[in-house]
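One structure is given here, and the rest of the page talks about it.
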DNA sequence: ATAGGTTGTCGAAGCGCTTCGATACCGAAT
DNA sequence: ATTCGGTATCGAAGCGCTTCGACAACCTAT
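Chains as they are written, first to last, in UniProt numbering: chain V, 1 to 337; chain B, 1 to 337.
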């Protein structure tokens with residue numbers, strides 16, 4: 001293992017000079033710099049992470065806390081995680097993967113040990129138990145998701161309220177009067193995951209404004225649960241001509257069931273999904289959808305955190321504006337006959 | 001930030017004593033130990049990761065390199081990653097998330113900087129460019145997946161050869177004579193991802209042994225591609241009564257298409273999937289399947305790596321035996337009429 | 001009673017790096 | 001000629017921890 005001292009000796013300079021060449025924190029003459037850089041290359045030098053962390057009290061590591069559950073939004077979570085890792089690297093940071101399992105303890109451990117310079121939390125609940133700790137330790141952090149109380153916190157999320165509104169608007173504009181919403185599993189609403197409630201809020205208030213009827217039903221996802229949910233919806237509101245789905249694992253079952261019942265999409269029923277673009281495009285019908293911008297969220301989170309770590313950050317809430325992409329699953333409402 | 005020295009002072013002992021209490025590397029009297037532990041608790045002491053890494057030249061971090069692609073086996077990858085993180089924690093290790101993006105450079109960087117004590121590589125290709133480096137730097141590592149040449153490497157994977165054989169066996173035993181295999185996307189075979197070829201190998205040799213006809217077709221996944229692939233298969237082998245799918249994103253489209261064509265599962269066609277249990281159970285038909293044991297693979301990988309790091313490891317290849325779970329998508333072959 | 005072995009504790013020497021003066025040199029301004 | 005502000009470099013002091021050798025204090029077998 002090559003050390004700074006060896007590089008210094010090889011280049012005929014002092015250790016501190018090499019360090020300054022590396023960090024650029026003091027001016028170094030061009031000739032010296034080149035000599036040092038050459039030695040670094042020739043010896044294949046890599047600075048030792050531990051020593052660096054100790055001396056500078058910065059680890060250049062960002063901790064990313066992902067939910068332990070693997071039963072929901074898996075592709076989204078994965079995409080965010082990868083975006084975070086990739087983006088962090090471009091800023092010179094590595095990413096430490098923490099699972100939700102340890103819960104608040106992980107926050108304590110990471111903050112206490114100086115393992116990471118800051119952390120990004122995913123799957124934040126409305127009243128998350130990690131938040132008090134985060135505030136108390138003033139650990140630089142960014143949340144992906146929106147808790148109930150955001151004071152003193154930096155958050156990034158899709159504007160789910162606007163997302164809901166946008167979906168209703170799109171359908172209403174096409175003349176749909178009776179709209180059904182197939183939501184996440186009941187457990188999600190019970191856990192108060194925020195995004196689900198905000199979406200619902202947007203859906204409801206916009207439909208009220210536009211004077212369309214809205215029926216919301218949570219759904220476990222999967223074929224059987226979807227069958228039951230859909231039957232109930234059509235029973236209660238036979239005139240339903242627009243459906244909004246916010247549940248990845250309900251999308252394909254829904255389409256299969258509609259097909260099976262002889263309801264054509266979009267001639268008889270229009271479907272709007274809130275899901276990653278990939279899901280919308282891979283489905284058996286190209287779905288009109290509002291994308292969940294996983295990459296963008298990951299990138300934003302990292303950039304905000306890095307800004308904080310460099311002292312130019314601020315606490316604020318970034319809501320990404322939703323974008324609705326029209327594909328072939330929505331069209332004008334069938335004329336009422 | 002509380003330091004070791006402060007704990008020592010508070011407990012009225014020397015710093016080294018505290019260190020030995022923490023590490024257990026030398027015997028400490030019960031009374032002293034308790035006094036120290038109390039001080040640690042009272043002061044809320046957390047050892048500094050950087051200092052520890054520097055002094056002991058062990059970071060207690062495992063690097064996990066995940067593929068950058070988010071278009072394949074996402075749930076499996078995620079599950080493995082989470083299993084790795086969770087299991088690593090039980091052994092006192094944290095996990096550093098590296099994306100495939102940096103490629104071999106990441107190996108160099110991590111090995112050189114002492115950032116991680118060892119690494120786990122996912123999505124290993126038959127002739128992976130990271131392998132030479134791994135061998136050269138004798139970086140402790142474990143691969144998830146099987147490269148062409150495993151000398152000097154430790155690998156963990158599902159025994160895909162046996163998996164293929166098992167699927168054929170199950171169908172053959174039920175009297176199916178004409179079996180179709182819907183495989184991964186052509187790109188996967190071109191990339192020589194190993195597992196696909198090994199599965200195919202198992203499928204082919206077992207079907208030869210059992211005297212059943214086998215037709216293998218790669219498939220992009222998604223509804224449209226599946227429609228084309230299925231049509232071709234049924235055109236070429238109208239008598240096909242058993243289908244084996246190894247492609248998560250083809251499963252649901254396949255079932256939808258069969259339903260649409262009036263082919264009942266399992267009365268007319270039996271379907272066996274090679275996929276995570278969750279996919280098999282959430283599908284519109286409970287699928288008979290061979291599970292991809294993501295958790296187990298992650299756990300194995302960590303345990304092997306930890307063993308290596310503690311000096312009791314050995315280079316070997318662990319192939320996890322496949323298990324076929326019979327659900328409701330397979331049954332006796334329809335009588336030939 | 002003495003040598004020999006345990007057991008429990010301490011002090012000090014680093015691990016490889018960053019960073020803060022201090023120093024030496026240069027040209028420009030007085 | 002002297003002073004001043006810059007620039008380029010060095011030396012040394014730590015960062016917080018681990019670990020090794022030393023050393024008391026004690027127990028046991030002779």
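Glycine is no exception: its CB is placed at the ideal position from the N, C-alpha and C atoms.
For residue 202 of chain V, three-class secondary structure by DSSP: As a first step, residue 202 of chain V must be located in the first chain, where it is residue number 202. In this structure, residue 202 of chain V counts as helix in the three-state DSSP scheme.
Helix, strand or coil at residue 77 of chain V according to DSSP, with G and I counted as helix: The sequence position of residue 77 of chain V within the first chain is 77, counting from 1. Note: residue 77 of chain V maps to helix in three-state DSSP.
Chain B contact residues for residue 252 of chain V, given Cβ-Cβ distances below 7 Å: Within the first chain, residue 252 of chain V is the residue found at index 252, counting from 1. Under a criterion of Cβ atoms nearer than 7 Å, the residues of chain B adjacent to residue 252 of chain V are, in order, 252.
Selection of the stretch 179-197 of chain V by Cβ proximity to chain B, strictly under 7 Å: none
Residue interval of the alpha helix (DSSP H) (run including residue 226 of chain V): For the purposes of this step, residue 226 of chain V is identified with residue 226 of the first chain, where counting begins at 1. Unbroken alpha helix (DSSP H) run through residue 226 of chain V: 223-236.
For residue 313 of chain B, three-class secondary structure by DSSP: In the second chain, the residue the question calls residue 313 of chain B occupies position 313. Three-state result, residue 313 of chain B: coil.
Beta bridge counterpart(s) of residue 1 of chain B as assigned by DSSP: Walking along the second chain from the start, residue 1 of chain B turns up at place 1. DSSP output for residue 1 of chain B lists no bridge partner at all.
Residues near residue 110 of chain V by beta carbon distance below 8 Å, same chain, minus five either side: The residue labelled residue 110 of chain V in the question sits at position 110 within the first chain. The residues are 63, 96, 98, 116, 119, 139.
Counted within 10 angstroms of its Cβ, other Cβ atoms place residue 354 of chain B as buried (16 or more) or exposed: Outside the shown range of chain B, which is 1 to 337, sits residue 354 of chain B, and nothing can be said about it.
Cross-chain neighbours of residue 98 of chain B in chain V, by beta carbon under 9 Å: Position 98 of the second chain, counted from the first residue, corresponds to residue 98 of chain B. What residue 98 of chain B touches in chain V: 85, 89, 94, 95.
Touching by the beta-carbon criterion (3+ pairs, under 8 Å), the stretch 196-203 of chain V and the stretch 287-302 of chain V: no
Residue 185 of chain V - DSSP class collapsed to helix/strand/coil: Position 185 of the first chain, counting from 1, holds the residue named residue 185 of chain V. Looking at residue 185 of chain V - three-state DSSP - the assignment turns out to be coil, as it is neither helix nor strand.
Residues in the stretch 63-82 of chain B having any Cβ partner in chain V nearer than 8 Å: 64, 66, 68, 70, 71, 74, 75, 77, 78, 79, 81, 82
DSSP beta-bridge partners of residue 141 of chain B: Within the second chain, numbered from 1, the residue matching residue 141 of chain B stands at position 141. Under DSSP, residue 141 of chain B forms a beta bridge with B:119.
9 Å Cβ cutoff met for residue 285 of chain V and residue 171 of chain V: By 1-based counting over the first chain, the position of residue 285 of chain V is 285. By 1-based counting over the first chain, the position of residue 171 of chain V is 171. Their beta carbons are not under 9 Å apart, which means residue 285 of chain V does not touch residue 171 of chain V by this criterion.
Length-filtered (3 minimum) beta strand (DSSP E) runs lying within the stretch 19-103 of chain V: 61-66, 94-99
DSSP state of residue 242 of chain V mapped onto helix, strand, coil: Locating residue 242 of chain V in the first chain gives position 242, where the first residue counts as 1. Assignment of residue 242 of chain V by DSSP, reduced to helix, strand and coil, places it in the strand class.
Proximity winner among B:126, B:146, B:3, B:46, relative to residue 317 of chain B (alpha-carbon distances): Within the second chain, residue 317 of chain B is the residue found at index 317, counting from 1. The shortest Cα separation from residue 317 of chain B among B:126, B:146, B:3, B:46 belongs to B:146.
Chain-ordered neighbours of residue 59 of chain B on chain V, where CB pairs are closer than 8 Å: Here residue 59 of chain B corresponds to residue number 59 of the second chain, with the count starting at 1. 49, 50, listed in chain order.
Cβ neighbours of residue 152 of chain B in the same chain (closer than 7 Å, five flanking residues each side left out): Within the second chain, numbered from 1, the residue matching residue 152 of chain B stands at position 152. Within the same chain, residue 152 of chain B has close Cβ partners 135, 315.
Length of the line joining the Cα atoms of residue 265 of chain B and residue 178 of chain B: Position 265 of the second chain, counted from the first residue, corresponds to residue 265 of chain B. Position 178 of the second chain, counted from the first residue, corresponds to residue 178 of chain B. Rounded to the nearest angstrom, the two C-alpha atoms are 16 Å apart.
Three-pair Cβ contact test at 8 Å for the stretch 24-42 of chain B versus the stretch 11-30 of chain V: Three or more Cβ pairs closer than 8 Å define a contact, and the stretch 24-42 of chain B falls short of that threshold against the stretch 11-30 of chain V.
From B:132, B:84, B:165, residue whose alpha carbon lies closest to that of residue 214 of chain B: The residue labelled residue 214 of chain B in the question sits at position 214 within the second chain. The shortest C-alpha separation from residue 214 of chain B is found at B:165.
Inter-stretch contact at 8 Å, needing at least 3 Cβ pairs: the stretch 71-85 of chain V / the stretch 73-93 of chain B: yes
N- and C-terminal bounds of the alpha helix (DSSP H) containing residue 251 of chain B: Working through the second chain from its first residue, we reach residue 251 of chain B at position 251. Element bounds for residue 251 of chain B: 248-260.
Residue closest to residue 240 of chain V, alpha-carbon to alpha-carbon, out of V:301, V:13, V:5, V:335: Counting from one through the first chain, the residue named residue 240 of chain V turns up at place 240. The shortest Cα separation from residue 240 of chain V among V:301, V:13, V:5, V:335 belongs to V:335.
One or two residues paired with residue 155 of chain V in a DSSP bridge: As a position in the first chain, residue 155 of chain V is number 155, starting the count at 1. Per DSSP, V:143, V:317.
Coarse secondary structure for residue 217 of chain V, derived from DSSP in three states: If you number the first chain from 1, residue 217 of chain V lands on position 217. In the structure shown, residue 217 of chain V falls within a strand segment according to DSSP collapsed to helix, strand and coil.
Integer Cβ distance of residue 7 of chain B from residue 45 of chain B, believed to fall under 8 Å: The sequence position of residue 7 of chain B within the second chain is 7, counting from 1. The sequence position of residue 45 of chain B within the second chain is 45, counting from 1. Yes, they are in contact, since the Cβ atoms of residue 7 of chain B and residue 45 of chain B sit about 5 Å apart, within 8 Å.
Neighbourhood of residue 302 of chain B by C-beta, 6 Å cutoff - its chain only, sequence neighbours within 5 removed: What you label residue 302 of chain B is simply residue 302 of the second chain in a count that begins at 1. If we look at residue 302 of chain B and ignore the five residues flanking it on each side, its Cβ neighbours are 84, 87, 88.
Option nearest residue 43 of chain V by Cα separation, candidates V:2, V:18, V:69, V:68: In the first chain, counting from the first residue as 1, residue 43 of chain V sits at position 43. Of the listed residues, the one whose Cα sits closest to residue 43 of chain V is V:2.
Cβ contact (3+ pairs, closer than 8 Å) linking the stretch 247-259 of chain B and the stretch 274-290 of chain B: With contact defined as three or more Cβ pairs closer than 8 Å, the stretch 247-259 of chain B and the stretch 274-290 of chain B are in contact.
Contact residues within the stretch 210-231 of chain V, judged by C-beta distance below 8 Å to chain B: From the stretch 210-231 of chain V, only 221, 222, 223 have a Cβ closer than 8 Å to chain B.
Within chain V, partners of residue 102 of chain B - CB distance below 9 Å: Taking the first residue of the second chain as position 1, residue 102 of chain B is located at position 102. By Cβ distance, chain V contributes 89.
Residue 52 of chain B burial status per 10 Å Cβ neighbour count (16 or more: buried): Here residue 52 of chain B corresponds to residue number 52 of the second chain, with the count starting at 1. Buried is the call here.
Within 7 Å of chain B by C-beta, residues of the stretch 266-282 of chain V in sequence order: 282
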